[in-house]
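Some notes on the structure that comes next.
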Amino acid sequence: MSTTPTAPAGAATHQWRGVIEEYRDHLDLPAGTVAVTLGEGGTPLVRSEWLSETGQAEVWLKVEGQNPTGSFKDRGMTTAISVAVHEGAAACVCASTGNTSASMAAYAAKAGLTPIVLVPSGKIAAGKMAQALVHGAQVIQVRGNFDDCLRMSRGLADHYPVALVNSVNPVRLEGQKTASFEIVDRLGDAPDVHLLPVGNAGNISAYWLGYKQYAERGRATRKPVMRAFQAEGAAPLVTGRVFPDPETKATAIRIGNPASWRLADAAAAESGGGFAALPDERILAAQAELARRDGVFVEPASAAGVAGFLQDLEQGISYAGRQVVVTVTGHGLKDTATALEWFGEVPQVVVDADIEAAAKAAGLV
Ligand code: AN7
């Protein structure tokens, strides 16, 4: 009999083992599921002095870009791919605005599954496309948006022998809810408020599931208010209506008809929270300011929680004295093209190989 060890024999006991082994007792997975892991989870909770001062609050960033493929998707992909392997799948499929496909491709590679990816043509960031291709995915670009891709992805899984690993697969939420566990384990209890971006709405649903379970199991004494943000051009949860042609520079959340709409509405309602929309300019400004003030470089969509916090303050919503966690969902290196647009023309300071010239260019003299 062969078993797949998830850590080398003799590894230090404090070495993080990935979310399945760290939290298996709290996850609803088939008995005997062997973890396909890249060491996801265990991401930093970084205190933001800038946002704390601005809001007279205690604000923490849950930095999900530190996951193996650079986004929170890895938490749900370790569970989805592990269960797909357990059930005997040979291939897997997902629709994606980029991060799910990057993550699925990596975990499929690790597991020896064939990854098939459906993405909206021309609408995913270059870094994410590179990840999917480099990990060996069959990338199919669809003339349509994410919602079309998801419909096709479901159809392929219905008619062909491929496992669907979008977050409509509940096993994805099992993995993603571990972010709530980590936050409670680190802070000692649930925060007062949790802010995050929302697109297809799997993540807010998973966080809420995690917070509820930890409270039920006595690991937390309370549950946070869940408040989530969309781009104005793709804001179905805010308006209550499908966006047939979603549009935003935050391509990760360019989604007009979220699959987990009902669960997201329930999370907002049960927690006493809600949804708000942001203009792209606010999202991009928050991305830039977060990078400069806190040293945390996130992709545009990932800054929506930060932009939402600032917009709320401007609109008179007070966070004073509250403990607030903001999830920043993915790494800034995923989409350098949009980030460099901050500068218009990218600054090019070129000097001769001369110390004086560098000192002058740097403004030291
Ligand atoms: C960085 O990759 O939907 O509300 O196909 O990549 O759980 O969808 C990505 C979503 C937020 C929204 N931030 O999360 C996909 C995809 C980033 C993201 C979201 C996404 P959900």
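Numbered according to our numbering, the sequence shown spans residues 2 to 366. The beta carbon of each residue, even a glycine, is placed where N, CA and C say it ideally should be.
- Beta-carbon to beta-carbon, Ser-102 and Ala-133 are separated by about 5 Å, close enough to satisfy the 8 Å threshold.
- For Leu-188, the uninterrupted alpha helix (DSSP H) segment begins and ends at 179–188.
- In this structure, the ligand AN7 has a non-hydrogen atom nearer than 6 Å to the beta-carbon of Gly-99.
- Residue Thr-179 holds the alpha-carbon nearest to the alpha-carbon of Asn-68 among His-27, Thr-179 and Gly-156.
- In this structure, the C-beta of Pro-198 approaches the ligand AN7 to less than 6 Å from one of its heavy atoms.
- The alpha carbon of Ala-270 has as its nearest neighbour, out of Leu-39, Glu-54 and Trp-209, the alpha carbon of Trp-209.
- Taking the C-beta atoms as reference points, Arg-255 is found nearer than 7 Å to Ala-235.
- Annotated three-state conformation of Lys-213 is helix, per DSSP.
- Taking 4 residues as the minimum length, the alpha helix (DSSP H) runs contained wholly in the segment 239–276 are 262–272, in order along the chain.
- Every alpha helix (DSSP H) of 4 residues or more that sits fully in the segment 23–97 is shown, in chain order, as 50–56 and 74–87.
- With fewer than 16 neighbouring CB atoms inside 10 Å of its own CB, Val-366 falls in the exposed class.
- Exposed is the label assigned to Pro-162, since fewer than 16 other Cβ atoms lie within 10 Å of its Cβ.
- Using a Cβ-Cβ distance cut-off of 8 Å, the segment 163–173 and the segment 20–27 are not in contact, since fewer than three pairs of beta carbons, one from each stretch, lie closer than that value.
- Pairing Gln-16 with Gln-177, the inter-Cα distance amounts to about 20 Å.
- Taking C-beta atoms under 8 Å as the contact rule, Glu-54 and Val-20 fail to qualify, at a distance of about 33 Å.
- Taking a 10 Å sphere around the C-beta of His-136, we find 16 or more other C-beta atoms and assign the residue as buried.
- With a cut-off of 8 Å on Cβ pairs, the segment 282–300 is in contact with the segment 45–54, counting three or more such pairs.
- Boundaries of the alpha helix (DSSP H) around Thr-337: 337–341.
- A straight-line Cα-Cα distance of about 5 Å links Ile-117 and Gln-139.
- Here the alpha carbons of Arg-218 and Gly-56 stand approximately 32 Å from one another.
- Here the alpha carbon of Pro-247 sits roughly 20 Å from the alpha carbon of Arg-155.
- For the pair Ala-91 and Phe-244, the Cα-to-Cα distance works out to about 35 Å.
- Between the segment 302–309 and the segment 32–40, the count of Cβ pairs shorter than 8 Å is below three; the stretches do not touch.
- Thr-330 has its CB nearer than 6 Å to a heavy atom of the ligand AN7.
- Between Leu-174 and the set Pro-348, Val-143 and Leu-30, the nearest pair of CA atoms involves Leu-30.
- Under the 8 Å Cβ criterion, the segment 61–77 counts as touching the segment 323–332, having at least three qualifying pairs.
- Taking 6 Å as the cut-off, one finds no heavy atom of the ligand AN7 near enough to the beta carbon of Ala-268.
- Taking C-alpha positions only, Arg-187 is separated from Thr-79 by approximately 22 Å.
- In this structure, Ala-253 has its beta carbon less than 6 Å from a heavy atom of the ligand AN7.
- Distances from the alpha-carbon of Ala-207 to those of Ala-287, Ala-158 and Ser-181 put Ser-181 closest.
- Annotation: Leu-311 to Ala-321 spans about 13 Å, alpha carbon to alpha carbon.
- Bounds of the alpha helix (DSSP H) holding Val-135 are 127–135.
- Gln-139 is bridged by DSSP to Ile-117.
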